[in-house]
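Everything in the sequence shown is counted per the UniProt record's numbering, starting at 1 for the first residue and increasing by one.
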Amino acid sequence: MPGDEEWALAIYQALRTHGGISSEEELCKAAGVGADQAVRGRKRLHELGLAQVVDGVLEAVEPDTALVRTMDAYHANAAEQVRNATALQQLTQSLMTLYRPAATRDPAQVEVEYVIDRRRKDRTLVALESTTQRSVDAMHPGPMPSAQILETSLERDVALISRGVHLRALYPLVLLQSPRYSGYLQEMHDAGVEVRLLDHAPLDMIVHDRSSVCLPADPEHPGLAMLVVRGVALIRAYGAFYDDFWLRAVPYPAAAEPAGTGAAGLTLQERAVIRLMAGGLSDDQIARKMGVHRRTVQRAVAKLMERLNATSRFEAGLKLGQDPELVKALRPAPSGGPSVPAPP
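Shown next as C-alpha cells:
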C-alpha cells in the first residue's frame, strides 16, 4: 500500500530526527500527517519492526536491528513447523502401521462393545453413521423419545440419505393414534426413509451396512446400556431377524386409516393389544412392548371381553377364534411385497 508506506516513512524520519515522541499530536505535527494517517503509518512501522514503545515513548528502531529480529522470528517459526511435521509423521506412522491393522477385523470375527454412558452412546451412533455407506435398518418398539431428539434424529437421517444411504425404519402401529408421532412418520416418509409399521417389536435395533448392530443389553430396560456388535458372520443373523419383521410389517402411509378405526370397531392400538394378549403376554408386558400405559391395555382387553361376553382373559382367548369378523380384523395386513436389500 503506497499510501501507508509514505506515511510510515514520514513518521520514521520524524522519530529519528526527534529521538522519540510521546504524544499523538506531537507525532502528527512532526511528521506532517493527519490522525488517521498517523495510525496507519504507525501500524506499518510496527509490522516492519521499525518502531517500538519504551516507557510510553514511540522510538525508531534501526533497520539492521529490525532485520535481525525478523530473521530470528522466521527461524523460530520454521523450527516449529519442522517439529510439527515430524510429530505428524510419527502420528501417521503409528496410526497406519500399528493401530489401523489392529482395528482391521476378520469377517468371521465377532466383537461386542458394552456402552453405558449416554453421551458415549450418542458419540458411538454418530461415529457409525459417519462411516455408513450403504444402508441403515432401524427398529424402534417405543416409547418414543422427546420431540428434540426426534428432530435431531430426522436431521441425521436426511444427512445419510443425501449421501446415498438407504434407510428403513420399523415403528409400532400405535404411533398413528398420536397426531405428533403420525406427523413425524410423515416427515420421515417425505425425507425418503422407507417406513413400515407393526404391532410390536421385541427390542430397539439399528443395523449399519449389515456389518454392525446396536441393541440394548437388556430389552426390558433399553436406556441402561447398549451393545455394539461387529462381525459380518453374526450380523447376518441379525439382518435376517430384522427382515422377518420387515416383511410382516405394513408399509407407511398405507397403514394409516383415516377413520381411526378398522373392522370390528377396533382402533389400531386395540387390535395390537389383543394380538399381543393372544400371544400370552400380560398387561404389563404388553404396555412395555407398546410404550403405553397399563390402563390403556386394560381398556382394550375389557372391550374385547365385553364383545365376546367372556368373564376371564382365558375365556376371551378361547372365544376369540370363534369370531370370524374379529379374527379377520386382527390379521396383519399384507406388506405389499418384500423390500429387502441384497447381502453385502
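Ideal placement from N, C-alpha and C gives every residue a C-beta, glycine not left out.
Residue 213 bridges to which residues according to DSSP? 207, 229
Beta strand (DSSP E) runs contained entirely in the segment 101–159, provided each spans 3 or more residues: 111–115, 135–139
Are the Cβ atoms of residue 138 and residue 163 separated by less than 8 Å? no
Starting from residue 168 and walking both ways along the beta strand (DSSP E), at which residues does that stretch end? 166–172
So, for residue 3: in the same chain, excluding its five sequence neighbours on each side, which residues have a beta-carbon less than 6 Å away from its beta-carbon? none
Determine contact between the segment 172–187 and the segment 138–153, defined as no fewer than three beta-carbon pairs at a distance below 8 Å. yes
Between which two residues does the beta strand (DSSP E) carrying residue 194 extend? 194–198
Helix, strand or coil for residue 354? Go by DSSP, reduced to three states. Missing from the structure shown is residue 354; the chain here goes from 1 to 344 and no further.
Residue 260, DSSP secondary structure in three states: Per-residue confidence for residue 260 stands at a pLDDT of 44, beneath the threshold of 50, marking its modelled position as unreliable; no derived number is given.
Beta carbon proximity, residue 6 to chain B, threshold 8 Å: Among the protein chains of the structure shown there is no chain B, as only one such chain exists.
For residue 50, does the three-state DSSP call read helix, strand or coil? coil
Using the Cα positions of residue 132 and residue 201, report the straight-line distance between them to the nearest angstrom. 24 Å
Integer Cβ distance of residue 193 from residue 212, believed to fall under 8 Å: About 19 Å; that fails the 8 Å criterion.
Could you tell me the distance, in whole angstroms, from the CA atom of residue 243 to the CA atom of residue 234? 15 Å
Excluding the five sequence neighbours on either side, which residues of its own chain have a C-beta within less than 8 Å of the C-beta of residue 301, listed in chain order? 273, 274, 277, 283, 313, 316
Quick one: grab the DSSP three-state call for residue 281. coil
Reference residue 159; option with closest CA among 219, 141, 177, 191: 191
Quick check: the Cα distance between residue 241 and residue 296, rounded to an integer number of angstroms? 29 Å
Looking at residue 305 and residue 172, is the spacing between their C-beta atoms short of 8 Å? no
Can you tell me which of the three DSSP states residue 60 falls into? strand
Can you name the start and end residues of the alpha helix (DSSP H) that residue 220 belongs to? Element bounds for residue 220: n/a, residue is neither H nor E.
Thinking just about the alpha-carbon of each residue, which of 36, 35, 61 is nearest to the one in residue 46? 61
For the structure I just gave you, are there three or more beta carbon pairs, one from the segment 64–80 and one from the segment 18–27, closer than 8 Å? no
Selected residue, minimal CA-CA separation from residue 197, among 50, 245, 71, 180: 245
Do residue 238 and residue 195 have their beta-carbon atoms positioned less than 8 Å apart in this structure? no
Over the uninterrupted alpha helix (DSSP H) stretch that includes residue 179, give me the two end residues. 179–191
May I ask which residues mark the beginning and end of the alpha helix (DSSP H) holding residue 27? 24–31
Cβ atoms of residue 170 and residue 189: under 8 Å apart, would you say? no
How should residue 128 be labelled, buried or exposed, when 16 other C-beta atoms within 10 angstroms of its C-beta is the threshold for buried? buried
Measuring alpha carbon to alpha carbon, tell me which of 199, 33, 279 ends up nearest residue 247. 199
Which term fits residue 157, buried or exposed, when burial requires 16 or more other beta carbons within 10 angstroms of its beta carbon? buried
Kindly indicate which three-state DSSP category residue 11 falls into: helix, strand or coil? helix
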